[in-house]
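Let me begin by presenting the structure, written as structure tokens, before commenting on it.
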Amino acid sequence: MSVGKILIQQGELIEGTRAVFEMNQENKGYDCPGCAWPDDRKGLKMDICENGIKHVTWEMTPKRVGPEFFAEHTVTELSTWSEFALEDAGRLTHPMVYDAATDKYKPISWSDAFATVARHINGLATPNAASFYTSGRLSNEGTFLYQLFARELGTNNLPDCSNMCHEASGRALAASLGTGKGTVDMDDWHKADAIFLLGVNAATNAPRMLTALSEGVKHNNLKIVHINPLVEAATGSTIIPHDIMDMLLFKATPISSMIMQPRIGGDFAIMRGFGKYLLELAEHDATVIDTAFIQKYTSGFDDYVAACRKTTWEEIERESALSKQEICKAADIYRNAKSAIIAWCLGVSQQQYGVSAIREIVNVLLLRGNLGRLGAGPCPIRGHSNVQGNRTCGIHHRPSEAWLAKMDEATGIRSPRQPGLDTVRTIEGMLDGSVKVFMGMGGNFAIATPDTERTFAGLRNCDLTLHVSTKLNRSHLVHGREALILPCLGRTEIDMQKSGPQKISVEDSMSNVHLSNGLRPPASEHLLSELAIIAGIARATMPDSRIPWEDWVGNYDLIRDVMANALTGFENFNTRVREKLGFRIQQPARELQFLTPTKLANFSDGALPDTSLPPGRLMLGTLRSHDQFNTTIYSDDDRYRGVKNLRTLLFMSEADMQALNLDNFDLIDIESFARDGTTRKVTEYRAVKYDVPQGCVFGYMPELNVLCANIDYSRESDQPAMKQVAVEVRPHKAST
Ligand SMILES: Nc1nc2c(c(=O)[nH]1)N[C@H]1C(S)=C(S)[C@@H](COP(=O)(O)OP(=O)(O)OC[C@H]3O[C@@H](n4cnc5c(=O)[nH]c(N)nc54)[C@H](O)[C@@H]3O)O[C@H]1N2
Ligand SMILES: Nc1nc2c(c(=O)[nH]1)N[C@H]1C(S)=C(S)[C@@H](COP(=O)(O)OP(=O)(O)OC[C@H]3O[C@@H](n4cnc5c(=O)[nH]c(N)nc54)[C@H](O)[C@@H]3O)O[C@H]1N2
Ligand SMILES: [Mo]
30 MSVGKILIQQ
40 GELIEGTRAV
50 FEMNQENKGY
60 DCPGCAWPDD
70 RKGLKMDICE
80 NGIKHVTWEM
90 TPKRVGPEFF
100 AEHTVTELST
110 WSEFALEDAG
120 RLTHPMVYDA
130 ATDKYKPISW
140 SDAFATVARH
150 INGLATPNAA
160 SFYTSGRLSN
170 EGTFLYQLFA
180 RELGTNNLPD
190 CSNMCHEASG
200 RALAASLGTG
210 KGTVDMDDWH
220 KADAIFLLGV
230 NAATNAPRML
240 TALSEGVKHN
250 NLKIVHINPL
260 VEAATGSTII
270 PHDIMDMLLF
280 KATPISSMIM
290 QPRIGGDFAI
300 MRGFGKYLLE
310 LAEHDATVID
320 TAFIQKYTSG
330 FDDYVAACRK
340 TTWEEIERES
350 ALSKQEICKA
360 ADIYRNAKSA
370 IIAWCLGVSQ
380 QQYGVSAIRE
390 IVNVLLLRGN
400 LGRLGAGPCP
410 IRGHSNVQGN
420 RTCGIHHRPS
430 EAWLAKMDEA
440 TGIRSPRQPG
450 LDTVRTIEGM
460 LDGSVKVFMG
470 MGGNFAIATP
480 DTERTFAGLR
490 NCDLTLHVST
500 KLNRSHLVHG
510 REALILPCLG
520 RTEIDMQKSG
530 PQKISVEDSM
540 SNVHLSNGLR
550 PPASEHLLSE
560 LAIIAGIARA
570 TMPDSRIPWE
580 DWVGNYDLIR
590 DVMANALTGF
600 ENFNTRVREK
610 LGFRIQQPAR
620 ELQFLTPTKL
630 ANFSDGALPD
640 TSLPPGRLML
650 GTLRSHDQFN
660 TTIYSDDDRY
670 RGVKNLRTLL
680 FMSEADMQAL
690 NLDNFDLIDI
700 ESFARDGTTR
710 KVTEYRAVKY
720 DVPQGCVFGY
730 MPELNVLCAN
740 IDYSRESDQP
750 AMKQVAVEVR
760 PHKAST
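Under my numbering, the sequence shown has 61 at position 32, and the numbering climbs by one with no breaks.
In structure tokens, the structure reads:
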């Protein structure tokens, strides 16, 4: 029913339905532009979900935002529109340039747009005064061109949405296992005896995961443990998102063995508790830990044992807000599983101690040799559909020497070695004037990032801001002295170049690379592909570039041939990506080869921090509703959480509401406290009673990014701690 409503709302009942049948097909249709969950590889003919359909039809809307639209609305007026209204206006059709005299965007030719960018970049004292952001939808081929352009220019300033997403996962896994990625694949999900899910709202953000979970329960007696301060929908039972019969009959499969509700940031403590308990048991029962595995493949075990001994149960109970008994009960499920997967998403990564928590997850896996064999291993759940491929193909502000050297050799450029700026530092750079040109390759930097007001000030302080986008969003309205909107083809559209229609490739959360093929006519004849836009800018900026940009854009196979030499794991790229299901990039850690300095898997032995707040303060976690994709808001409802028509809300425990004398839906003001002593505030939110632990409150991103101080990034990952913001809540006082 929900899907039907979306198709009707977008006026796409016929075409939308057809498009749904073209999605996620074995190398024929296009890859769903929603989340990065892998397609089921067992020949499933329709591996789709409600939210994927929303993302696709949102791109397919018949509405258009062309020169006439911009002639009618000043930027000042558009700034009063909601995020929903801006994107709902339709697809961008023409390249546009901001005209300060009229406060309107007006059309510009592609060649003039490229020349404008070139003029700004070539006028900079250093290429490091430009910063090139990516959102995780860009294809592998587009990514490769984008990083090549930035590096030929001479900068590693390649911030991306990953800096706010799974940076902590990449850092933790690299330190522990010598890989930035998870090691498991769908086979493992099907064969695991136990799966631990930490900090993910699967029913909304990776709905197709529910298929794997319910099949595991039905066929494999899978045990599932959910660890989340909020008891999310589909934690207890699920209806498989594409099983029409189950959907029609409302037939739910139970998918939970245990639900744990820790306080925010409690995952590190829970995992430490698992380790402590298992090590205690192991003193009397040799089967509890895999000593042979530990001896052969790991380093740092003794220090880890010492750290577990030193951590008291009191500390573990305080940090997790769970009892020892409950933690041991979950640890028993882990111990009794022959093979176990631990999976996590933003609830774990967007924390001050996210890296420590994820390393602790790996510690627990190593204890029982849950690595490098069927049904076992660590599994970060990635966000954007190609965010993992972006990293693989070079979006990294701190690339390794080995990666750069291989890429340089394959392309003939000489990359800069100085580390570049990430998202947090790009914002600071714009504010202090050291970053003068900002380019957004997709995404919505202005409001996806923390500290909305300071980020706005930073963007306004730039000489030039330019965005390659499909739809109008806030980042076009909060702009530099000069500003460009460059409209591009969407993933569902035919990408016609000199040598014919082109395909691009993406990498999912489990390292599978496969082709995506747009099948619909473009939204406008003036659109260019993202690759053509990058090439156009590159050529205009570097007329003497040694890269044959024009030839490459004429035939993406030529780009893939170079990528095959530049990227480990992409050998014979053009051939292998055309196989029925594409290919999986080899994962050395999965083969128990660890590219760490010790050549072993490293235990970590960090102390458990004390993250308790002074009295009166609450910990805020920002999250997504069911009806949004990051900054794209489809409606103000949050169906699974029972919310209608309200986004300015704060989910609070009954106890915290009582302490503040609040009734359900009372108006409140929320103030946040950054570590540098500054405060930030939102007013007239609504307190909504919800089953969350006392001391923890939750509300929606991107609205609450206003409260996230840029300075409060995690010192372990440099990632903004968007799920750990210290706040005070007060009844709203009407200003007099
Ligand atoms: N429909 C839809 N799908 C999406 C997206 C979308 O916006 N809409 N976004 C995509 C992107 S880019 C990403 S990164 C992913 C995000 O996927 P999620 O990580 O599921 O995203 P959030 O909505 O931020 O939810 C975080 C979850 O962590 C829980 N949590 C908060 N704090 C803690 C904690 O301290 N410990 C634990 N264990 N849990 C905690 C919250 O209750 C919530 O369930 O989804 C991707 N898929
Ligand atoms: N407080 C708080 N903040 C957060 C988070 C949080 O949990 N809490 N989560 C963070 C996370 S995990 C992420 S990933 C970021 C997301 O940050 P971003 O990736 O920057 O934001 P999106 O909302 O995904 O970007 C949406 C825009 O992308 C453009 N777009 C859509 N499709 C295409 C395409 O095919 N090509 C191009 N070029 N453009 C396209 C459209 O113009 C659309 O307006 O937000 C982060 N911000
Ligand atoms: Mo993300």
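Cβ coordinates follow ideal geometry from the N, Cα and C atoms, glycine included.
CB contact flag (residue i, residue j, <8 Å)
i: G58; j: L560; result: no
i: H761; j: L696; result: yes
i: T494; j: C517; result: no
i: V726; j: L647; result: yes
i: C190; j: H496; result: no
i: A618; j: G207; result: yes
i: S352; j: A298; result: no
i: N734; j: T481; result: yes
i: Y162; j: H508; result: no
i: G376; j: K752; result: yes
i: I424; j: Q176; result: yes
i: W218; j: D537; result: no
C-beta neighbour in chain B for residue i, strict 8 Å
i: F623; result: In the structure shown, chain B does not exist; there is a single protein chain.
Residue i, enclosing alpha helix (DSSP H) - first and last residue
i: V416; result: 416-421
i: C357; result: 353-365
i: D667; result: No alpha helix (DSSP H) contains D667, which DSSP labels as neither H nor E.
i: W342; result: 342-349
i: C337; result: 330-339
Terminal residues of the beta strand (DSSP E) in which residue i lies
i: K628; result: Premise fails: K628 is in no beta strand (DSSP E) and is neither H nor E.
i: K252; result: 252-256
i: K532; result: Counting along the chain, K532 falls outside any beta strand (DSSP E), and DSSP gives it neither H nor E.
i: N541; result: 541-545
i: P705; result: This sequence places Asp at residue 705; Pro is not what is there. That residue, D705, is in no beta strand (DSSP E); it is neither H nor E in DSSP.
Alpha-carbon spacing of residue i relative to residue j, whole angstroms
i: F680; j: V758; result: 12 Å
i: G462; j: T484; result: 13 Å
i: Q417; j: K135; result: 36 Å
i: L73; j: M436; result: With a pLDDT of 48 at L73, under the threshold of 50, the predicted position of this residue should be treated as unreliable, though the coordinate-derived value follows. Computed Cα separation, rounded: 36 Å.
i: A595; j: V756; result: 47 Å
i: V535; j: N169; result: 6 Å
i: D141; j: I562; result: 12 Å
i: L450; j: G472; result: 17 Å
i: P577; j: G547; result: 25 Å
i: G529; j: G611; result: 21 Å
i: S160; j: M287; result: 45 Å
i: R427; j: T184; result: 11 Å
i: S743; j: D132; result: 38 Å
i: G706; j: R364; result: 44 Å
i: T841; j: F330; result: Nothing can be reported for residue 841: it is not among the residues displayed for the chain, which extend from 30 to 765.
i: C737; j: T316; result: 46 Å
i: W432; j: K673; result: 48 Å
i: M125; j: P96; result: 8 Å
i: G404; j: N392; result: 17 Å
i: D747; j: L557; result: 34 Å
i: V146; j: I566; result: 7 Å
i: S682; j: F702; result: 21 Å
i: E554; j: F303; result: 58 Å
i: V721; j: V260; result: 8 Å
i: T660; j: A114; result: 12 Å
i: R237; j: M571; result: 44 Å
i: P749; j: D741; result: 6 Å
i: M730; j: K83; result: 19 Å
*Is the stretch 397-412 touching the stretch 148-159 in the sense that three or more CB pairs, one from each, lie closer than 8 Å?*
no
_Residues surrounding ligand 3 [beta-carbon distance to nearest heavy atom under 5 Å]_ = C194, G412
*So does the stretch 81-89 actually touch the stretch 100-113, counting three or more Cβ pairs closer than 8 Å?*
no
*Is it a yes or a no for the stretch 193-210 touching the stretch 440-448, going by three-plus beta-carbon pairs under 8 Å?*
no
*Would you be able to state if there are at least three C-beta pairs under 8 Å between the stretch 180-199 and the stretch 221-229?*
no
_Contact between the stretch 633-646 and the stretch 361-379 is defined here as three or more beta-carbon pairs at a separation below 8 Å; is this criterion met?_
no
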